[in-house]
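Chemist: A single structure is presented below for examination.
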């Protein structure tokens with residue numbers, strides 16, 4: 073695996089910057105919660121660098137504080153990570169030519185936000201697996217550092233977590249709005265959103281996002297059927 | 054949570070997270086994909102972001118979160134006008150904080 077060039081690092085970090093800022097905003101309250109569970113700043117850093125999952129880590133802390141048994145905690149936090157299966161599949165065509173260690177590092181560091189940033193650039197054509205991995209690793213370091221900082225200052229810092237976490241919602245809205253919109257895209261987005269609400273109502277909990285997104289993709293495939301030849305690419 | 058409980062939790066969850074992140078990418082990596090599979094993969098971003106937005110904004114168990122919905126509309130306007138993630142994040146947090154104070 074060749075080292076990234078200065079140009080790769082500069083392009084990757086500049087693409088990652090909005091995500092890194094969002095991760096600092098949300099990582100600090102996440103670290104504060106980790107401290108409340110009893111994690112030291114070093115463990116919070118390690119956990120954040122390896123799990124690298126905002127939803128999973130917030131969930132871990134709130135379940136641990138509620139005294140949930142370990143088996144239930146594992147199941148709940150693992151379930152919120154299942155949507156990563158979709159991202160991993162969607163990104164695979166773009167790293168086909170990359171060396172396997174680079175592809176593995178890239179795959180292990182994908183998040184909702186870095187997926188959006190990299191997909192936009194891969195789809196535009198001027199992006200490489202190395203730069204995409206720089207985006208992922210830079211974002212991961214900002215997330216892990218913010219968590220360690222949060223664990224260090226601990227509950228002394230009273231930040232309303234729901235306001236901080238709205239940064240992530242805003243980033244998702246921006247990434248959604250930046251999609252190439254067509255009739256099929258509308259069907260996909262509307263079905264996904266409606267399915268998530270319905271699934272939450274039915275009690276699907278952590279699985280709602282994954283199942284809702286799968287329902288959206290299925291609806292999009294059906295909506296795209298008329299007038300499309302089987303040999304036609306996307 | 055005891056240290057041993059934490060260790061069990063950490064190892065189990067990390068194994069699942071790494072499998073979800075790496076297995077599809079590495080398993081599909083070298084193969085030519087059929088047009089239908091490629092089409093399905095191309096629909097994933099819109100599906101995933103719509104699902105994440107809906108998950109954040111709507112909870113059928115509680116009353117509608119009006120400040121969050123209004124702040125989301127403000128973010129949408131900024132997103133359409135600027136396409137900037139930073140501006141969207143800043144406007145989103147600011148609008149949500151102000152609307153919560155006003156509510």
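Protein chains in written order, with this note's numbering: chain R, 73 to 306; chain Y, 54 to 156. We put the CB at the ideal spot given by N, CA and C, even for glycine. Being a predicted model, the structure only gives us computed values, none of them experimental.
Just curious, the alpha helix (DSSP H) that residue 117 (chain R) is in, first and last residue?
Modeler: That run of the alpha helix (DSSP H) goes 113-123.
Chemist: Please confirm if residue 78 (chain R) has its CB atom under 8 Å from at least one CB of chain Y.
Modeler: No, residue 78 (chain R) does not count as interfacial toward chain Y.
Chemist: In three-state DSSP terms, what is residue 166 (chain Y)?
Modeler: For chain Y, the structure presents residues 54 to 156; residue 166 (chain Y) sits outside this window and is missing.
Chemist: Note the first and the last residue of the continuous alpha helix (DSSP H) segment covering residue 218 (chain R).
Modeler: Where residue 218 (chain R) is concerned, the enclosing alpha helix (DSSP H) stretches over 201-225.
Chemist: In whole angstroms, what separates the C-alpha of residue 279 (chain R) from that of residue 131 (chain R)?
Modeler: Near 14 Å, if we compare the C-alpha coordinates of residue 131 (chain R) and residue 279 (chain R).
Chemist: To be precise: take each residue of the region 139-168 of chain R, compare its Cβ to all Cβ atoms of chain Y, and keep it if any distance is under 8 Å. Which residues remain?
Modeler: If the cut-off is 8 Å between Cβ atoms, the region 139-168 of chain R has 142, 145, 146, 149, 150, 153, 154, 155, 156, 157, 158, 159, 160, 161, 162, 163, 164, 165, 167, 168 near chain Y.
Chemist: Counting only beta-carbon atoms, is residue 96 (chain Y) nearer than 8 Å to chain R?
Modeler: For residue 96 (chain Y), the answer is yes, since a Cβ of chain R falls inside 8 Å of its Cβ.
Chemist: Would you mind giving the Cβ-Cβ distance between residue 249 (chain R) and residue 132 (chain Y), rounded to the nearest angstrom? I have them listed as a contact below 8 Å.
Modeler: Indeed they touch by this definition, with Cβ atoms about 4 Å apart.
Chemist: Grab the span of the alpha helix (DSSP H) containing residue 190 (chain R) for me, first residue to last.
Modeler: Counting along the chain, the alpha helix (DSSP H) containing residue 190 (chain R) begins and ends at 184-196.
Chemist: Can you say whether residue 254 (chain R) is buried or exposed, counting buried as having 16 or more other CB atoms within 10 angstroms of its CB?
Modeler: By the 10 Å Cβ count, residue 254 (chain R) comes out exposed.
Chemist: How is the alpha helix (DSSP H) around residue 149 (chain Y) delimited, first residue to last?
Modeler: First-last of the alpha helix (DSSP H) with residue 149 (chain Y): 138-155.
Chemist: From residue 139 (chain Y) to residue 104 (chain Y), what distance separates their C-alpha atoms?
Modeler: For residue 139 (chain Y) and residue 104 (chain Y), the distance between alpha carbons rounds to 21 Å.
Chemist: Roughly how many whole angstroms lie between the Cα atoms of residue 197 (chain R) and residue 76 (chain Y)?
Modeler: Approximately 25 Å, taken between the alpha carbons.
Chemist: Could you check if residue 158 (chain R) is buried or exposed, using at least 16 other CB atoms within 10 Å of its CB as the buried criterion?
Modeler: With 16 or more other Cβ atoms within 10 Å, it is buried.
Chemist: According to DSSP, is residue 133 (chain R) part of a helix, a strand, or is it coil?
Modeler: If DSSP states are grouped into helix, strand and coil, residue 133 (chain R) belongs with the helices.
Chemist: Could you tell me which chain R residues have their CB closer than 7 Å to the CB of residue 113 (chain Y), listed as they occur along the chain?
Modeler: Result: 269, 272, 273.
Chemist: Cutting at 6 Å between CB atoms, please list the residues of its own chain near residue 296 (chain R), excluding the five before and the five after it.
Modeler: For residue 296 (chain R), where only same-chain residues beyond five positions count, the Cβ hits under 6 Å are 256.
Chemist: Which residues of chain Y have a Cβ atom closer than 8 Å to the Cβ of residue 279 (chain R), listed in chain order?
Modeler: Ordered by position in chain Y, no residue passes the 8 Å Cβ test against residue 279 (chain R), which lies about 11 Å from the chain.
Chemist: Tell me whether the beta-carbon of residue 175 (chain R) lies closer than 8 Å to the beta-carbon of residue 79 (chain Y).
Modeler: Yes.
Chemist: Less than 7 Å between C-beta atoms, sequence neighbours within five positions excluded: which residues of the same chain meet that for residue 290 (chain R)?
Modeler: Excluding residues within five positions, none has a Cβ falling inside 7 Å.
Chemist: What does the alpha-carbon distance come out to for the pair residue 145 (chain Y) and residue 133 (chain R)?
Modeler: Roughly 25 Å between the two C-alpha positions.
Chemist: Kindly say whether residue 289 (chain R), judged by its beta-carbon, lies nearer than 8 Å to any beta-carbon of chain Y.
Modeler: Closer than 8 Å to some Cβ of chain Y, the Cβ of residue 289 (chain R) qualifies, so yes.
Chemist: Can you give me the C-alpha to C-alpha distance between residue 164 (chain R) and residue 182 (chain R), rounded to a whole angstrom?
Modeler: About 12 Å.
Chemist: Using a Cβ cut-off of 8 Å (strictly closer), state whether residue 117 (chain R) contacts chain Y.
Modeler: No, residue 117 (chain R) lies away from the interface with chain Y (no Cβ there is under 8 Å from its Cβ).
Chemist: Only counting the same chain, and skipping five residues up and downstream in sequence, which positions put a Cβ closer than 8 Å to that of residue 125 (chain Y)?
Modeler: Cβ within range, chain order: 106, 110, 145.
Chemist: Do the region 202-215 of chain R and the region 232-247 of chain R touch if we need at least three Cβ pairs shorter than 8 Å?
Modeler: The answer is no - the region 232-247 of chain R does not touch the region 202-215 of chain R, with fewer than three Cβ pairs under 8 Å.
Chemist: If the criterion is Cβ atoms closer than 8 Å, does the pair residue 66 (chain Y) and residue 146 (chain R) meet it?
Modeler: Contact flag set, yes.
Chemist: How long is the line joining the alpha carbons of residue 64 (chain Y) and residue 204 (chain R), rounded to whole angstroms?
Modeler: Cα to Cα, residue 64 (chain Y) sits roughly 27 Å from residue 204 (chain R).
Chemist: So, is the C-beta of residue 246 (chain R) closer than 8 Å to a C-beta in chain Y?
Modeler: Residue 246 (chain R) counts as touching chain Y.
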